[in-house]
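Structure first, then comments.
Numbering (our numbering), first residue to last: 35 to 655.
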C-alpha cells in the first residue's frame with residue numbers, strides 16, 4: 035500500500051509518497067504565486083493549488099505502481115477564505131492567513147461583540163488572520179460577491195472538494211475560523227449570524243482521520259489513480275505537523291524553534307484559559323490542543339549575530355557559554371522584536387536588554403538572547419500547566435534546535451526532557467499518517483504515532499550503539515558504499531526521467547562533489563553494518579526463508595511483483611544480499627529487545643525516545 039500526503043503551504047504544495055511502513059518513497063514540490071493587491075493584503079488563486087496537485091501527483095508516482103495508492107490526506111495553511119458560488123466556482127481569490135486588511139472587523143469582534151462572548155462561543159478571540167473577520171470584510175466591501183456565496187471553505191478543503199466532490203472540513207482547521215464551537219465540535223449558530231451566513235453555506239464537519247469520500251471519476255483520470263482511493267478530511271498545517279512528530283494524546287508537546295516559535299500542546303480534554311493567551315483548537319487525533327506562537331524566536335539570535343555582532347558564526351558565538359554560566363547570567367533579554375502574540379498578544383511590545391554593565395561581554399548578550407527566547411516559550415508553557423495539563427517531556431524541532439546549547443537551555447528553563455525530532459517533513463507526513471488511519475492501517479492516530487515513535491526509537495538506539503563502538507572502517511569499503519549510493523541515486527533519477535548527468539548539471543555539482551557530500555553518511559552506514567555483523571556472529575544469527583520473504587514483501591509494491599516472482603527474478607548473489615539484510619534485521623530486533631530500560635514506568639525505551647540520543651534532563655542538561 036502507498037499513501038499520498040499533501041502539504042498545501044503558502045508558497046508551494048509539497049507532495050509526499052509514503053509506504054505502509056512509514057518510509058517516504060518520493061516527494062515533489064510545486065510552487066505557485068502570491069498576490070498582493072494592496073499593501074498588507076495577501077491572496078492566492080485556489081485554482082493554482084489544484085493545478086499544483088494535478089501536475090505534481092503524476093510526477094510523484096513516476097516509477098511506482100499507481101494502483102497501490104489507497105489513501106490521500108492533506109494538511110494545509112489555515113484561516114484562508116475560499117468562497118464558492120452555486121456552481122462551485124471560485125468567486126474571488128482566497129484571502130490568506132497573513133492578510134492584514136481586517137483590523138476594523140477584528141476590533142468590532144473583540145470590542146463590540148466582546149472577547150468574553152467570542153471565547154464562550156468559539157474558545158478564542160479574533161485575530162486578523164482568522165476567517166470570520168474576512169467574511170465581515172467581504173460583506174462590507176464586496177457585497178455582490180458576498181451574496182453569491184454558496185459554500186465557505188478553507189484552502190486544503192478546496193483540494194479535497196476537487197478530489198471527491200464533497201464540501202468538507204475537519205475540526206482542527208475549522209477551529210481557526212472563529213466560526214466553530216470548539217468545545218462541542220459544531221458550527222456556532224450565533225457566530226454564523228454575526229457574520230451574516232447560514233449553516234447550509236458551511237462544509238460538513240469530520241474528524242481529521244475520517245474518510246470523506248473516494249476520488250471522483252474525473253479526478254482519478256486526471257491524476258492517474260484508481261477511483262477507489264480514499265480521501266480523509268485532513269487537518270490544519272499545525273495539527274497535521276503535530277501528528278507527524280507524534281505530538282498526540284494527553285500531554286504531548288512540540289516546540290518549533292524557527293524564525294518564529296510555536297509550542298503545540300495536545301490534550302484529551304477541552305481547555306481554555308480565561309485570558310485566551312493560547313489558541314484553543316481541536317486536534318487531528320480527535321482530542322484538543324493549545325497553541326502559543328511567539329513572533330521572534332531563532333530570528334532574535336540571527337538579528338543579534340548578523341546585524342549587531344556582524345557574524346554568521348552562530349556556533350562560534352556560543353562556544354564561550356559553558357555549563358557553569360547557565361543560570362548565572364546577569365543580562366536579560368525580552369524577545370519582542372516584532373511585538374508579541376502569545377501569551378501577551380501585544381503588537382506594541384518591544385525587545386530590550388537589561389542588566390548590562392561595563393564588563394558585559396558579547397557572549398553574555400548571546401546567552402541572554404537564548405535564555406530570553408526560552409523563557410518566552412515558558413510563558414505559554416505555564417499557561418497550559420495552569421489549566422491542569424501535565425507535560426512530562428516535549429519534542430523540539432526547527433533550525434534553532436540544532437544548537438546543543440540552546441536545547442540544553444530550553445530543557446533547564448522548562449524543567450523537562452527534550453527529544454529532537456529526527457525528521458521535519460511537516461504537515462504532509464502527518465496528513466499521510468491520517469490517511470493510514472482512515473484506510474485501516476492503524477486503528478487510531480495514537481497507534482500510528484506510537485508506531486512511528488518506535489521506529490525512530492529503534493534507529494536512535496542503533497545510532498547510540500554505533501557511536502559507542504570502537505571500529506576501524508576500511509576506506510575501500512566506504513568507497514564501495516559510495517558507489518552503491520550513487521548507483522541508487524542514478525536509478526531514482528532515471529525513474530523520474532533524468533540522467534545522472536542532467537541531474538548533476540541541474541544542481542550545479544560534479545559527481546565528486548556529490549560523493550564528498552555523502553561521504554560521512556557512507557562512513558556511518560559502513561560502520562553500522564560492521565557493528566551489526568559482529569552482533570550476528572556473536573549471537574549466531576541466521577535468517578530463514580521466512581525471514582527473507584518478510585523482507586521482500588516491502589519491495590512488492592514498488593516492483594509490482596509477488597514475493598515468489600521476486601525470488602525467481604533474483605540471482606543467487608541478490609538473494610544472499612537479502613538474506614544478509616534479514617539477518618541484520620534479526621540482530622536489530624535482538625538489540626532492541628535487550629536495550630536497557632531506565633524508566634520502568636515508561637512504555638518505550640528512554641534511550642530510544644531521545645531523537646538525538648541524549649534526552650536532556652532538567653537540571654543535568
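Think of the CB as a built atom: it goes at the ideal place given N, C-alpha and C, for glycine as much as any other residue.
A quick note: this is a predicted structure, and the numbers were derived from the prediction, not measured.
- Shown here for residue 139: same chain residues with a beta carbon closer than 6 Å to its own, the five before and five after excluded, namely 167, 170 and 171 in chain order.
- When secondary structure is reduced to three states using DSSP, residue 293 falls in the coil class, being assigned neither helix nor strand.
- The distance from the Cβ of residue 55 to that of residue 153 is about 43 Å, inconsistent with a contact at the 8 Å cut-off.
- Residue state for residue 158 is assigned as coil, using DSSP reduced to three classes.
- Per the DSSP secondary-structure output, residue 47 pairs in a beta bridge with 42 and 64.
- The closest CA to that of residue 233, considering only 220, 547, 245 and 243, is found on 220.
- Taking all protein chains in view, the Cβ of residue 271 is crowded by 16 or more other Cβ atoms within 10 Å, so the residue is classified as buried.
- Bounds of the alpha helix (DSSP H) holding residue 414 are 396–420.
- Contact between residue 267 and residue 202 holds, since their C-beta atoms are separated by about 6 Å, short of 8 Å.
- Contact check between the segment 207–225 and the segment 446–453: fewer than three CB pairs, one atom from each, fall below 8 Å, which does not count as touching.
- The DSSP-derived three-state label of residue 168 is helix.
- As a beta-bridge residue in DSSP terms, residue 220 pairs with 215.
- In the three-state reduction of the DSSP assignment, residue 614 falls in the helix class.
- Between residue 329 and residue 313, the CB-CB gap reaches or exceeds 8 Å.
- Beta-bridge analysis with DSSP links residue 204 to 240.
- Counting of Cβ neighbours within 10 angstroms places residue 361 among the exposed residues, the total staying below 16.
- Looking only at 417, 405, 420 and 413, the smallest Cα-Cα distance to residue 440 is reached by 405.
- About 7 Å separates the Cβ atoms of residue 285 and residue 423, confirming a contact at the 8 Å cut-off.
- The segment 615–631 and the segment 568–584 touch, with no fewer than 3 CB-CB distances between them shorter than 8 Å.
- Cα atoms of residue 192 and residue 80: separation of roughly 7 Å, rounded to the nearest angstrom.
- Inclusion of residue 188 and residue 265 in the CB contact set at 8 Å is not warranted, their separation being larger than that value.
- Note: residue 36 is bridge-paired with 53 and 103 in the DSSP secondary-structure output.
- Sequence-distant partners of residue 383 (beyond 5 residues in either direction) whose C-beta falls short of 7 Å from its own C-beta, in its chain, are 370, 373 and 374.
- Sixteen is the threshold: since fewer than 16 other Cβ atoms of the shown chains lie within 10 Å of the Cβ of residue 390, the residue is exposed.
- Secondary structure within the segment 442–489: the beta strand (DSSP E) runs of 3 or more consecutive residues, fully enclosed, are 452–454 (chain order).
- For residue 296, the CB contacts under 6 Å within the same chain, skipping 5 residues up- and downstream, are 290 and 327 in chain order.
- Secondary structure note for residue 303: it is in no alpha helix (DSSP H), with a DSSP letter that is neither H nor E.
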